[in-house]
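**Student:** Mapping the sequence shown onto UniProt numbering, position 182 (from 1) lands on 182, and the numbers just tick up by one. Here it is, the structure, as structure tokens.
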Amino acid sequence: MLLLSLTAFAVLCLLRPTPMADLLVYRAEGRAVLDGTDLYGFRVTEWNLPATYPPFAAMLFVPTALLPLLPLKAAFAATNVLLLALLVHLSLRLAAPAAGTRLATWPRGALVIGATALGLWLEPVFQTMLFGQINLALACLVLWDLTRPDGARGKGLAIGVAAGIKLTPAIFAVYLLLTGRVRAALWSLAGFAGTVLAGVAVLPGASLEFWTRRAFETNRVGKVWIVDNQSLQGLFARLLHTTDPGTVWRVAALVTAVAGLLLARHAVRAHGHEAWGVLCTALTAVLVSPISWSHHWVWCVPLLVLLAVEAGARPRPVLAVAALVLFTARSHWLVPHDGALDLRLPWWLQAAGSPYPVLGLGLLLFAAWRLRGTPQGSPSGPAGASAGTGTHGTGTPGTARAPGLPGPRQTSSPAASSDASTMR
């Protein structure tokens, strides 16, 4: 199945040229580091794309400048396929199918291979492949860190490094702090600080320019109102037919950020559901970011895995199927979007032009509904809620589930529990 999917993808790429525009930007960044030229002064590709990541990322891109372009593209594509498989594996570890449920009875290898074959055709993953993006690598780095036991040495460090490459993952350090894992949050801060200091040591001028100026120039990244931008800002720009939605989207983003992070905290602290906590945080990140290109939504992979796990525990897979259809439908590419047509969409095409923020908001509301009910530790939980078993630990005895959810995942070992209680 995976071979068939890869073959179909390769044939499609041959029939339709894939410029991998973002990979060309990374290559130019690596060359700028090697040549000592202005990191934030160049523009490449027919779209005049600039460097937008911190200097530390440019340092990591140096090897891309040393390879011929065609082998580099092939290596990047192959690596992204492997990263997709890793992300599926980590997503299964996060969701932890309970013993006795449908997915728990399937061989893990078969699940990973099958989900990887299907995952290639999810629009965010497909676009990541076409653009030569690093979204899958960052998602794997963050999810690997979050699925480690709470007492693991250096937990949080990888999140900080991911934030040093691309700022958005920093929200997961806030998530660690809000859920009481102070030590892990401090490791994240240390990892991030390390990337900044490395950038200052190697590229002092570029570091000064980025951290005092470029990091705040969101308009430099691209047009916020085009359908490519699937954030709240993009949604409101198209809805209000304006290139700058201003206060409206800022208020909406602030409310969403607070509500989403509090919901993530509630998922973990009150119900012990790390999976929903992580995904509420991820949804919040892509919603409130000024620009979230559609390929930034690769968090659809762990989201769909979690929904599939829950569908396997209940005979009602409607939400999982609906989300799968939406992430493969590519509806925002089907609405009129040439030139400035994105700004003139009629009201009845708005949802089709902004499918991901609409779904993201809906999923946060759904999570709030699902996580209602008896908090963790209450003796009045639903029958059978005390012993959910997963691949990454067992449910805590006496722990109640939210209605219809699999048993909560215990992310820390007993030996680490006393230490964890002094954190988050």
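Quick reminder that beta carbons are idealized off the backbone N, C-alpha and C, glycines included.
1) Ends of the alpha helix (DSSP H) at residue 276?
2) Out of 357, 130, 342, 346, which one is the CA nearest neighbour of residue 13?
3) Rank 30, 114, 77, 24 by C-alpha distance to the C-alpha of residue 4 and give the top, closest one.
4) For residue 384, is the classification buried or exposed, using 16 other Cβ atoms within 10 angstroms of its Cβ as the cut-off for buried?
5) Do residue 221 and residue 291 count as a contact pair if the criterion is CB distance below 7 Å?
6) Can a CB atom of chain B be found closer than 7 Å to the CB of residue 71?
7) Does DSSP put residue 125 in a helix, in a strand, or in coil?
8) If you drop the 5 nearest sequence neighbours on each side, which residues of the same chain put their C-beta closer than 7 Å to that of residue 43?
9) With respect to the alpha helix (DSSP H) encompassing residue 46, which residues constitute its N-terminal and C-terminal limits?
10) Tell me which same chain residues have a C-beta within less than 6 Å of the C-beta of residue 31, skipping the five on either side of it?
11) Rounded to whole angstroms, what's the CA-CA distance from residue 18 to residue 182? Just pull it up for me.
12) For residue 295, is the classification buried or exposed, using 16 other Cβ atoms within 10 angstroms of its Cβ as the cut-off for buried?
13) Between the Cα of residue 300 and those of 107, 352, 84, 146, spot the shortest distance and give me the residue it belongs to.
14) Measuring alpha carbon to alpha carbon, tell me which of 320, 245, 263, 343 ends up nearest residue 304.
15) Rounded to a whole number of angstroms, what is the C-alpha to C-alpha distance between residue 103 and residue 140?
16) Between the stretch 253 to 262 and the stretch 338 to 347, do at least 3 Cβ pairs fall closer than 8 Å?
17) For residue 1, I'd like the list of residues in its chain whose CB is within less than 8 Å of its CB, leaving aside the five on either flank, ordered along the chain.
18) Look at residue 22 and residue 119 and say whether their C-beta atoms are less than 7 Å apart.
19) Can you tell me where the alpha helix (DSSP H) with residue 22 in it begins and where it stops?
20) When burial is assigned at 16 or more other CB atoms within 10 Å of the CB, is residue 224 buried or exposed?
21) Please classify residue 264: is it buried, with 16 or more other beta-carbons within 10 angstroms of its beta-carbon, or exposed?
22) Less than 7 Å between the C-beta atoms of residue 137 and residue 156, yes or no?
23) Specify the secondary structure class of residue 106 as computed by DSSP and reduced to three states.
24) Return yes when the Cβ of residue 94 is within less than 7 Å of the Cβ of residue 237, no when it is not.
25) Would you identify the three-state DSSP class for residue 384, choosing helix, strand or coil?
26) Decide if the stretch 360 to 369 is in contact with the stretch 158 to 174; the criterion is three or more beta carbon pairs, one per stretch, under 8 Å apart.
27) Residue 11: buried (16+ other C-beta within 10 angstroms of its C-beta) or exposed?
28) So what does residue 293 bridge to, in DSSP terms?
29) Assign residue 357 to buried or exposed, taking buried as 16 or more other Cβ atoms, counted over all protein chains shown, within 10 Å of its Cβ.
30) Residue ranges of each alpha helix (DSSP H) run of no fewer than 4 residues wholly in the stretch 307 to 360, ordered along the chain?
31) Go to residue 1, then tell me how far its alpha helix (DSSP H) extends in each direction, as first and last residue.
32) Within the continuous alpha helix (DSSP H) that includes residue 80, where are the two ends?
33) Can you grab the Cα-Cα spacing for the pair residue 272 / residue 188, in whole Å?
34) Could you pull out every residue in the same chain whose Cβ sits closer than 7 Å to the Cβ of residue 307, ignoring the five residues on either side in sequence?
35) Hey, how far is the Cα of residue 92 from the Cα of residue 175?
36) What residue range does the alpha helix (DSSP H) around residue 431 cover?
**Tutor:** With the given structure in hand:
1) 274 to 288
2) 130
3) 114
4) Caution applies to residue 384, whose pLDDT of 33 falls short of 50 and renders its modelled position unreliable; the model cannot decide the point.
5) yes
6) You won't find chain B in this structure, because it holds only one protein chain.
7) helix
8) 49, 50
9) No alpha helix (DSSP H) holds residue 46; DSSP gives it neither H nor E.
10) 65
11) 44 Å
12) buried
13) 84
14) 320
15) 22 Å
16) no
17) 113, 114, 117
18) no
19) 21 to 35
20) buried
21) buried
22) no
23) coil
24) no
25) The predicted model places residue 384 with a pLDDT of 33, which falls under 50 and marks its position as unreliable; any figure quoted below should be read in that light. Looking at residue 384 - three-state DSSP - the assignment turns out to be coil, as it is neither helix nor strand.
26) no
27) exposed
28) 229
29) buried
30) 318 to 329, 331 to 334, 350 to 353
31) Looking at the DSSP string, residue 1 is not in any alpha helix (DSSP H), and its letter there is neither H nor E.
32) 69 to 95
33) 22 Å
34) 319, 320, 323
35) 20 Å
36) Lying outside 1 to 424, the shown extent of the chain, residue 431 is not represented and no answer is given.
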